[in-house]
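Quick notes on the structure that follows.
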Amino acid sequence: MRIAIASGKGGTGKTTVSVNLALSLENAQLLDCDVEEPNCNLFLDHPLQKVKDVGIRVPAISKDKCTSCGKCAEACRFNALAVLLTGVILFPKLCHGCGACSIACPEGAISEVTQVIGSIEKSASHTHGIELYQGVLNIGEPMASPIIHALKGHIDNSRTVIIDSPPGTSCPVISSITGADYCILVTEPTPFGLHDLMLAVDLVKDMQIPYGIIINRHGTGDEGVEDHCSENNIPVLMKIPYDMRIAELYSEGIPFVLRMPRWKDRFLDTFRELQVLTDRC
Amino acid sequence: MVKQITVISGKGGTGKTTLTAAFASLANNALIADCDVDAANLHLILDPVMTSKLDFYGMKMAAIDQNKCSACGLCRSGCRFGAITERFVIDTHACEGCGVCALVCPKGAIVMNEHKAGEVYRSMTRFGPFVHARLGIGEETGGKLVSMVRKNAAEMATMHGNDLIIIDGPPGIGCSVIASISGADLVFIVTEPSVSAIHDLERVIEVAAHFRIKTVVCINRCDINKEKTAYIEDYCRKNGVKVIGKLPLSETPTKAMLEGRTVIEHKDDIFTGTVQDIWYRVHSELFHNSFRPLFQ
Chain A
1 MRIAIASGKG
11 GTGKTTVSVN
21 LALSLENAQL
31 LDCDVEEPNC
41 NLFLDHPLQK
51 VKDVGIRVPA
61 ISKDKCTSCG
71 KCAEACRFNA
81 LAVLLTGVIL
91 FPKLCHGCGA
101 CSIACPEGAI
111 SEVTQVIGSI
121 EKSASHTHGI
131 ELYQGVLNIG
141 EPMASPIIHA
151 LKGHIDNSRT
161 VIIDSPPGTS
171 CPVISSITGA
181 DYCILVTEPT
191 PFGLHDLMLA
201 VDLVKDMQIP
211 YGIIINRHGT
221 GDEGVEDHCS
231 ENNIPVLMKI
241 PYDMRIAELY
251 SEGIPFVLRM
261 PRWKDRFLDT
271 FRELQVLTDR
281 C
Chain B
1001 MVKQITVISG
1011 KGGTGKTTLT
1021 AAFASLANNA
1031 LIADCDVDAA
1041 NLHLILDPVM
1051 TSKLDFYGMK
1061 MAAIDQNKCS
1071 ACGLCRSGCR
1081 FGAITERFVI
1091 DTHACEGCGV
1101 CALVCPKGAI
1111 VMNEHKAGEV
1121 YRSMTRFGPF
1131 VHARLGIGEE
1141 TGGKLVSMVR
1151 KNAAEMATMH
1161 GNDLIIIDGP
1171 PGIGCSVIAS
1181 ISGADLVFIV
1191 TEPSVSAIHD
1201 LERVIEVAAH
1211 FRIKTVVCIN
1221 RCDINKEKTA
1231 YIEDYCRKNG
1241 VKVIGKLPLS
1251 ETPTKAMLEG
1261 RTVIEHKDDI
1271 FTGTVQDIWY
1281 RVHSELFHNS
1291 FRPLFQ
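Here the protein sequences line up with chains A and B, keeping their order.
Numbering follows our numbering, in which position 155 of the first sequence is assigned residue number 155; successive positions increment by one, without gaps.
Numbering follows our numbering, in which position 251 of the second sequence is assigned residue number 1251; successive positions increment by one, without gaps.
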């Protein structure tokens, strides 16, 4: 079973839920798809090993063969190529690696080289039984999705897979939650939380992924999120209270189920509920 | 020349929007822009009255004419984003709009269609003009939309004679963050003393340095972990980044948000007093210090 954790807004507690849920299960695989800011391992502190680099295929243009006809730049929809009198120049940060330029070139002057934009890492040892994979986007690189795709190639279907998604509702989130059996949306009980939750709900509805809510920092803010959920029959799977002890453990990078073991049972109960909801028990 | 300050955070939830809104209420002659297009929240506090709306077109999207399609499969093998299903239908969530499929189709069965991906709004608020946007659900990361917001902000600021643009940026370090900070005069990073926020802070400082933009850091909720706060101060000092202020953990931001007001409007307490001090320092960084590139 694949469970994706998403949120709409950043900072609601996605990583907290992902890590604590994974720790409460036996034999979980945890995929940190928030490749701009992978944070799961800050809480697990596993030694990591690099699995591979992730690259996209960018054009390499042969000066000898190129006639500066401009067909490549015309085919590129990302404005990554410009034709000058002296030849063609590539703006690598704009290139999506689609290959349109090499198809369009009538002279066969374009070959492709791999440009590394990030990497995949995995935990070298499995403390707490969790196998962690994470993607890391290199600094200054704009595109997260190719790394997420590569990361999802490491999914082990024999395990329960927990997918920590990036914030928001755009492209990288879709790449992350595609193929999930269930999506947990983590929110906080404030007007900001509710606003972004509604966007995230639209997304998972559109993708036809069953979903439920975990309210983090319950006790602060107002009743807006709970009212919205009950009016729209959205299951609230769990409420994590606003608790100084949890906040302190979080700031230290310690998953709270390790110090407050009764929470392990709560997460396990939630997981069993999900199994029932998705007919996977 | 209109100055620009972008508020970013690396990690979400550190208090970016709270501070942007506070700055908006403290600035005398600023335009406000919400570039966190993926989860725009500032309008919830600023209560804008829209004056105009512009459609945002993202990348064109491929569409297959089933009558012309011979199911030869060249488009599927040419597409590097897995966007063409076995039944030769475009998966719009996966399509990047590169046009390779249209290029390779021997039957001319694939066309690239204009595709509305969001909206940009020009508005007025009680603190001055405001540009914001909404990215359609599941659309491509909003770098292009961020640029459109900033372009409209610059135009509107010139029109209204504003001397400053305050930009609420997105979390992370990717496309939309880069689009939000490029060309800004100052990057204002909000962080908090937790392992994950520190990790993201270090990455986002590197991004700002990569683009050679002057950067200051504000530590929010500095009292939840004093050792980590000291670590951040030390890290910033070593990297030539000024810590411009420290804010205590407080209920004020949440309470102000519930009322749809900025913290400054909500109440006068230690928290808001510190925010005011920070704003004066920001103002002096922007208008009185000569530019000095970092990390040379």
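For glycine and all other residues, C-beta sits at the position ideal for the given N, C-alpha and C.
For residue 1227 of chain B and residue 270 of chain A, the rounded distance between their alpha carbons:
Here residue 270 of chain A is taken as the residue at index 270 of the first sequence, counted from 1. Here residue 1227 of chain B is taken as the residue at index 227 of the second sequence, counted from 1. Each residue's alpha carbon lies about 35 Å from the other.
Distance, Cα to Cα, residue 213 of chain A vs residue 1154 of chain B?
For the purposes of this step, residue 213 of chain A is taken as the residue at position 213 of the first sequence. For the purposes of this step, residue 1154 of chain B is taken as the residue at position 154 of the second sequence. Approximately 39 Å, taken between the alpha carbons.
For residue 6 of chain A, would you say it is in contact with chain B, using Cβ-to-Cβ distances shorter than 9 Å as the test?
Indexing the first sequence from 1 puts residue 6 of chain A at position 6. Judged by the 9 Å Cβ criterion, residue 6 of chain A is not in contact with chain B.
Looking only at DSSP bridge pairs, what is residue 8 of chain A linked to?
The residue given as residue 8 of chain A occupies position 8 in the first sequence. Paired residue(s): A:168.
Which residue or residues does DSSP assign as beta-bridge partners of residue 1118 of chain B?
Translated into positions along the second sequence, residue 1118 of chain B becomes position 118. In DSSP, residue 1118 of chain B forms a bridge with B:1056, B:1135.
Within-9 Å CB hit, residue 1211 of chain B to chain A:
Taking the first residue of the second sequence as position 1, residue 1211 of chain B is located at position 211. Output row for residue 1211 of chain B: interface = yes.
Residue 124 of chain A by DSSP, collapsed to three states: which one?
Taking the first residue of the first sequence as 1, we reach residue 124 of chain A at position 124. DSSP places residue 124 of chain A in coil when its eight states are reduced to three.
Residue 195 of chain A: contacting residues in chain E (beta-carbon distance under 7 Å):
The chain labelled as chain E is not found among the protein chains of the depicted structure, namely A and B.
Using beta carbons (cut-off 9 Å, strictly below), is residue 266 of chain A in contact with chain B?
On the first sequence, position 266 is the one that residue 266 of chain A refers to. It does not; no Cβ of chain B falls within 9 Å.
Taking the alpha carbon of residue 68 of chain A as the point to measure from, which residue in A:254, A:9, A:2, A:85 has its own alpha carbon closest?
Position 68 of the first sequence, counting from 1, holds the residue named residue 68 of chain A. Considering only alpha carbons, the answer is A:85.
Apart from the five residues on each side of it in sequence, which residues of its chain come closer than 7 Å, Cβ to Cβ, to residue 1079 of chain B?
The residue you call residue 1079 of chain B lines up with position 79 of the second sequence. Hits under 7 Å: 1100, 1101.
Should residue 1059 of chain B and residue 1108 of chain B be called a contact, given that it needs their Cβ atoms to be closer than 9 Å?
Working through the second sequence from its first residue, we reach residue 1059 of chain B at position 59. Working through the second sequence from its first residue, we reach residue 1108 of chain B at position 108. Their beta carbons are not under 9 Å apart, which means residue 1059 of chain B does not touch residue 1108 of chain B by this criterion.
Give the residues of chain A in contact with residue 1225 of chain B, contact being defined as C-beta atoms less than 8 Å apart.
What you label residue 1225 of chain B is simply residue 225 of the second sequence in a count that begins at 1. Neighbours of residue 1225 of chain B on chain A, chain order: 248, 251, 252.
Within its chain, find whatever has a CB closer than 8 Å to the CB of residue 1038 of chain B; leave out the 5 residues flanking it on each side and keep chain order.
On the second sequence, position 38 is the one that residue 1038 of chain B refers to. Within the same chain, residue 1038 of chain B has close Cβ partners 1135, 1141, 1142, 1170, 1176.
Would you identify the three-state DSSP class for residue 1023 of chain B, choosing helix, strand or coil?
Position 23 of the second sequence, counting from 1, holds the residue named residue 1023 of chain B. The answer is helix: DSSP assigns residue 1023 of chain B an H, G or I state.
From this set, B:1276, B:1149, B:1168, B:1190, which residue's C-alpha is nearest residue 1052 of chain B's C-alpha?
Here the question's residue 1052 of chain B lines up with position 52 in the second sequence. It is B:1149 whose Cα lies nearest to the Cα of residue 1052 of chain B.
What distance in whole Å lies between the Cβ atoms of residue 1082 of chain B and residue 203 of chain A, which are believed to be in contact at a cut-off of 8 Å?
The residue given as residue 203 of chain A occupies position 203 in the first sequence. The residue given as residue 1082 of chain B occupies position 82 in the second sequence. Contact flag wrong, Cβ pair sits at about 19 Å.
Which of helix, strand or coil DSSP assigns to residue 1031 of chain B:
In the second sequence, residue 1031 of chain B corresponds to position 31, counting from 1. It is a strand residue.
Is DSSP giving residue 239 of chain A helix, strand or coil here?
Along the first sequence, one-based indexing puts residue 239 of chain A at 239. Strand.
Establish whether the CB of residue 1081 of chain B and some CB of chain A are separated by less than 9 Å.
By one-based count along the second sequence, residue 1081 of chain B stands at place 81. With 9 Å as the cut-off, residue 1081 of chain B counts as an interface residue toward chain A.
Exposed or buried, residue 134 of chain A, counting other C-beta atoms within 10 Å across all chains shown (16 or more means buried)?
The residue you call residue 134 of chain A lines up with position 134 of the first sequence. So residue 134 of chain A counts as buried.
Along chain A, which residues have their Cβ under 9 Å away from the Cβ of residue 1104 of chain B?
The residue labelled residue 1104 of chain B in the question sits at position 104 within the second sequence. Those are 103, listed as they occur along chain A.
Using C-beta distances below 6 Å, list every residue in its chain close to residue 160 of chain A, excluding the 5 sequence neighbours before and after it, in chain order.
Here residue 160 of chain A is taken as the residue at index 160 of the first sequence, counted from 1. 1, 25, 28.
Three-state secondary structure assigned by DSSP to residue 20 of chain A:
Looking up residue 20 of chain A in the first sequence gives position 20. Helix at residue 20 of chain A.
So with Cβ pairs under 9 Å, would you call residue 1294 of chain B a contact of chain A?
Translated into the one-based positions of the second sequence, residue 1294 of chain B becomes position 294. Its pLDDT being 43, under 50, residue 1294 of chain B is placed unreliably in this model, and the coordinates cannot settle the point.
Beta-carbon separation (whole angstroms), residue 183 of chain A vs residue 6 of chain A, contact threshold 8 Å:
Here residue 183 of chain A refers to the residue found at position 183 of the first sequence. Here residue 6 of chain A refers to the residue found at position 6 of the first sequence. Contact holds; Cβ gap of about 6 Å.
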